[in-house]
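Quick note, the working numbering runs 16 ahead of the 1-based positions in the sequence shown.
Each residue gets a CB set at the ideal place from its N, CA and C atoms; glycine is no exception.
Keep in mind that this is a model prediction, so the values were computed, not measured.
What follows is a short report on a single structure.
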Amino acid sequence: MLDNNQLLRFTTAGSVDDGKSTLIGRLLYDSKSIFEDQLESIENTSKQKGHEGVDLALFTDGLRDEREQGITIDVAYRYFTTPKRKFIIADTPGHIQYTRNMVTGASTANAALILVDARHGVIEQTRRHAFIASLLQIPHIIVCVNKMDLVDFSEEAYNNVLSQFEEFSSKLLVKDVRFIPMSALLGDNVVNRSENMSWYQGAPLLHTLETMHISSDVNKVDARFPVQTVLRPQREGFIDYRGYAGRIASGVFRRGDEVTVMPSGFTSKIKTIDFDTKELDEAFAPMSVSITLEDDIDISRGDMLVRSNNKPEPSQDVEVMLCWLNNTASKPRAKYSVFHTSNQQKAMIKDIVYKIDINTLQRKEDDGELKMNEIAKVKIRTTKPLMIDSYRENRTTGSIILVDDATNETVAAGMVV
Numbered sequence: 017m018l019d020n021n022q023l024l025r026f027t028t029a030g031s032v033d034d035g036k037s038t039l040i041g042r043l044l045y046d047s048k049s050i051f052e053d054q055l056e057s058i059e060n061t062s063k064q065k066g067h068e069g070v071d072l073a074l075f076t077d078g079l080r081d082e083r084e085q086g087i088t089i090d091v092a093y094r095y096f097t098t099p100k101r102k103f104i105i106a107d108t109p110g111h112i113q114y115t116r117n118m119v120t121g122a123s124t125a126n127a128a129l130i131l132v133d134a135r136h137g138v139i140e141q142t143r144r145h146a147f148i149a150s151l152l153q154i155p156h157i158i159v160c161v162n163k164m165d166l167v168d169f170s171e172e173a174y175n176n177v178l179s180q181f182e183e184f185s186s187k188l189l190v191k192d193v194r195f196i197p198m199s200a201l202l203g204d205n206v207v208n209r210s211e212n213m214s215w216y217q218g219a220p221l222l223h224t225l226e227t228m229h230i231s232s233d234v235n236k237v238d239a240r241f242p243v244q245t246v247l248r249p250q251r252e253g254f255i256d257y258r259g260y261a262g263r264i265a266s267g268v269f270r271r272g273d274e275v276t277v278m279p280s281g282f283t284s285k286i287k288t289i290d291f292d293t294k295e296l297d298e299a300f301a302p303m304s305v306s307i308t309l310e311d312d313i314d315i316s317r318g319d320m321l322v323r324s325n326n327k328p329e330p331s332q333d334v335e336v337m338l339c340w341l342n343n344t345a346s347k348p349r350a351k352y353s354v355f356h357t358s359n360q361q362k363a364m365i366k367d368i369v370y371k372i373d374i375n376t377l378q379r380k381e382d383d384g385e386l387k388m389n390e391i392a393k394v395k396i397r398t399t400k401p402l403m404i405d406s407y408r409e410n411r412t413t414g415s416i417i418l419v420d421d422a423t424n425e426t427v428a429a430g431m432v433v
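In structure tokens form, the structure reads like this:
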């Protein structure tokens with residue numbers, strides 16, 4: 017049995033009427049992850065609206081009502097647990113004007129559920145969502161071919177969608193794509209196996225999510241420990257204690273390992289790894305620990321401990337794929353603060369190499385500014401080196417955000433190329 021403490025984050029994406037709300041409702045309803053008072057309220061509302069059964073879309077529609085009232089909800093997060101695993105669903109809006117919301121919700125996801133209406137096949141919005149999922153290096157994509165009940169559970173209709181998506185996704189960098197034919201409305205292949213599609217030999221959606229191997233999604237090779245703060249308790253028993261606290265971004269650290277402090281280049285050995293009140297022999301991502309070293313080295317917030325034989329590339333000139341999140345367009349050569357792990361520097365956008373039309377995936381050059389929801393490859397220059405890895409290899413040390421110093425607003429999120 018899988019460790020019930022293992023958390024899987026997944027995001028849902030689909031066109032307006034592809035049945036996203038119904039699918040999430042069906043997952044929660046059939047896995048018995050809804051409180052009785054919630055269920056009672058939704059049953060009553062369904063009756064008032066004249067529905068014969070429970071309208072599963074109502075489980076998420078409260079949030080949609082809030083959006084319509086002008087309350088800003090970027091991404092709706094839902095939590096549920098089964099005996100095998102814990103889950104967080106990031107329910108993101110699907111329209112083109114919400115590209116930034118999808119980027120936000122999907123940035124930490126292990127898997128993306130992309131809904132496709134079996135009647136319409138792969139449409140522009142499907143391609144856009146798949147492109148964003150691949151750009152964010154989401155390790156697993158599950159294409160949910162929904163509304164199979166409206167095509168008489170036809171294997172041919174399912175195969176058409178499968179071939180359309182595979183033709184398109186062959187151009188994308190996606191490691192693991194799975195397809196599940198389903199009817200969210202009737203519950204076929206969501207939590208329980210479908211009796212109407214005996215030709216489909218795979219597992220239903222919940223079983224797929226429960227058994228998906230996600231341990232290897234975290235980079236275990238490149239040891240990276242961004243220092244958040246220095247601990248000097250100055251109390252009895254800890255008078256000489258100097259610990260470097262933070263969250264391990266990737267890799268494994270063991271007592272006795274030789275480490276190099278970046279960017280200074282000084283080396284030392286790990287003396288202790290402290291977690292809560294215990295001393296550990298080893299710690300790994302994404303644990304938060306305090307590390308002490310054999311030697312007294314000047315280390316502060318923003319520095320990074322790495323294994324001496326495996327260092328990131330310190331660089332002041334960084335190429336990133338940037339998603340612009342702000343209402344105000346980027347200004348040529350404007351100055352921003354760049355945040356990278358625990359490091360903060362001043363930065364400037366030197367050049368917009370090209371923008372991507374996320375409907376056609378064509379590159380557009382000779383465009384001098386970035387507007388909200390646009391995605392572009394840009395060159396950034398920082399005042400001091402950042403210890404970066406490419407986003408493809410390390411989603412933590414390969415990501416940055418830009419903040420406008422004047423307004424303190426986050427204006428962009430970027431993935432290091």
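Own chain, CB closer than 6 angstroms to residue i, minus 5 neighbours either side, in chain order
{"i": "glutamate 335", "result": "Lys395 and Val433"}
{"i": "aspartate 311", "result": "Ser284"}
{"i": "valine 369", "result": "Lys393"}
{"i": "aspartate 33", "result": "none"}
{"i": "leucine 338", "result": "Ala392, Val394, Ala428 and Gly430"}
Check: residue i C-beta below 7 angstroms from any heavy atom of the ligand SAM
{"i": "serine 37", "result": "The ligand SAM is not part of this structure, which contains no ligands at all."}
C-beta atoms of residue i and residue j nearer than 8 angstroms
{"i": "threonine 288", "j": "arginine 271", "result": "yes"}
{"i": "valine 167", "j": "alanine 134", "result": "yes"}
{"i": "serine 57", "j": "proline 242", "result": "no"}
{"i": "isoleucine 105", "j": "threonine 28", "result": "yes"}
{"i": "proline 330", "j": "proline 220", "result": "no"}
{"i": "aspartate 238", "j": "glycine 259", "result": "no"}
{"i": "leucine 131", "j": "glycine 30", "result": "yes"}
{"i": "arginine 248", "j": "methionine 320", "result": "no"}
{"i": "isoleucine 154", "j": "threonine 115", "result": "no"}
{"i": "valine 305", "j": "serine 266", "result": "no"}
{"i": "isoleucine 230", "j": "proline 328", "result": "no"}
{"i": "phenylalanine 26", "j": "alanine 146", "result": "no"}
{"i": "lysine 380", "j": "lysine 387", "result": "no"}
{"i": "leucine 189", "j": "serine 150", "result": "yes"}
{"i": "glycine 35", "j": "leucine 202", "result": "no"}
{"i": "serine 346", "j": "valine 246", "result": "no"}
{"i": "isoleucine 286", "j": "aspartate 297", "result": "no"}
Distance between residue j and residue i (C-alpha atoms, nearest Å)
{"i": "leucine 5", "j": "asparagine 162", "result": "The displayed coordinates of the chain run from 17 to 433. Any statement about residue 5 would go beyond what the structure contains."}
{"i": "isoleucine 313", "j": "proline 302", "result": "25 angstroms"}
{"i": "isoleucine 365", "j": "serine 324", "result": "32 angstroms"}
{"i": "asparagine 410", "j": "asparagine 60", "result": "48 angstroms"}
{"i": "alanine 127", "j": "methionine 198", "result": "18 angstroms"}
{"i": "alanine 173", "j": "leucine 341", "result": "37 angstroms"}
{"i": "valine 159", "j": "isoleucine 196", "result": "6 angstroms"}
{"i": "isoleucine 255", "j": "aspartate 46", "result": "56 angstroms"}
{"i": "threonine 120", "j": "valine 138", "result": "24 angstroms"}
{"i": "leucine 152", "j": "histidine 356", "result": "16 angstroms"}
{"i": "valine 177", "j": "isoleucine 157", "result": "15 angstroms"}
{"i": "isoleucine 307", "j": "lysine 236", "result": "18 angstroms"}
{"i": "valine 193", "j": "asparagine 343", "result": "34 angstroms"}
{"i": "methionine 164", "j": "arginine 42", "result": "15 angstroms"}
{"i": "serine 415", "j": "glycine 318", "result": "15 angstroms"}
{"i": "tyrosine 257", "j": "glutamine 250", "result": "8 angstroms"}
{"i": "phenylalanine 269", "j": "serine 123", "result": "25 angstroms"}
{"i": "phenylalanine 136", "j": "phenylalanine 169", "result": "Checking the displayed sequence, the identity of residue 136 turns out to be histidine instead of phenylalanine. So the alpha carbons of these two residues sit roughly 14 angstroms apart."}
{"i": "lysine 102", "j": "leucine 24", "result": "6 angstroms"}
{"i": "tyrosine 407", "j": "asparagine 375", "result": "23 angstroms"}
{"i": "alanine 299", "j": "asparagine 208", "result": "38 angstroms"}
Continuous beta strand (DSSP E) stretch holding residue i: start and end
{"i": "isoleucine 417", "result": "415-419"}
{"i": "threonine 124", "result": "Per DSSP, threonine 124 belongs to no beta strand (DSSP E) and is neither H nor E."}
{"i": "tyrosine 370", "result": "359-372"}
{"i": "histidine 223", "result": "Note, histidine 223: premise wrong, no beta strand (DSSP E); alpha helix (DSSP H) at 221-227."}
{"i": "threonine 38", "result": "Threonine 38 -> not in any beta strand (DSSP E); alpha helix (DSSP H) instead, spanning 36-46."}
{"i": "phenylalanine 259", "result": "The amino acid occupying residue 259 in the given sequence is glycine; phenylalanine does not appear at that position. Unbroken beta strand (DSSP E) run through glycine 259: 259-263."}
{"i": "phenylalanine 355", "result": "351-356"}
{"i": "threonine 412", "result": "From DSSP, threonine 412 is part of no beta strand (DSSP E); its letter is neither H nor E."}
{"i": "glycine 430", "result": "426-432"}
{"i": "isoleucine 391", "result": "391-404"}
{"i": "tyrosine 216", "result": "Tyrosine 216 -> no beta strand (DSSP E), and no H or E assigned at all."}
{"i": "proline 330", "result": "329-340"}
First through last residue of the alpha helix (DSSP H) which encompasses residue i
{"i": "tyrosine 174", "result": "171-185"}
{"i": "phenylalanine 3", "result": "Since the first residue of the chain shown is 17 and the last is 433, residue 3 is not available in this structure."}
Residue i at chain C interface by Cβ criterion, 8 angstroms
{"i": "glutamate 183", "result": "Note that chain C does not occur in the displayed structure, where there is just one protein chain."}
Same chain only: Cβ atoms within 8 angstroms of residue i, ignoring 5 sequence neighbours per side
{"i": "threonine 399", "result": "Gln332, Gln361, Lys362 and Ala363"}
{"i": "lysine 294", "result": "none"}
{"i": "serine 49", "result": "Leu43, Phe96, Thr97 and Thr98"}
Chain-order list of residues whose beta-carbon lies under 7 angstroms from that of residue i (same chain, five-residue window excluded)
{"i": "glycine 384", "result": "Pro348 and Ile368"}
{"i": "leucine 377", "result": "Phe147"}
- [ ] Would you be able to state if there are at least three C-beta pairs under 8 angstroms between the segment 51-65 and the segment 216-228?
- [x] no
Open item on the list: I'd like to know if the segment 176-188 and the segment 138-155 are in contact, where contact means that at least 3 CB-CB pairs between them fall below 8 angstroms.
Closed with: yes
Task: Cβ contact check for the segment 106-126 and the segment 348-355: 3 or more pairs under 8 angstroms - done: no
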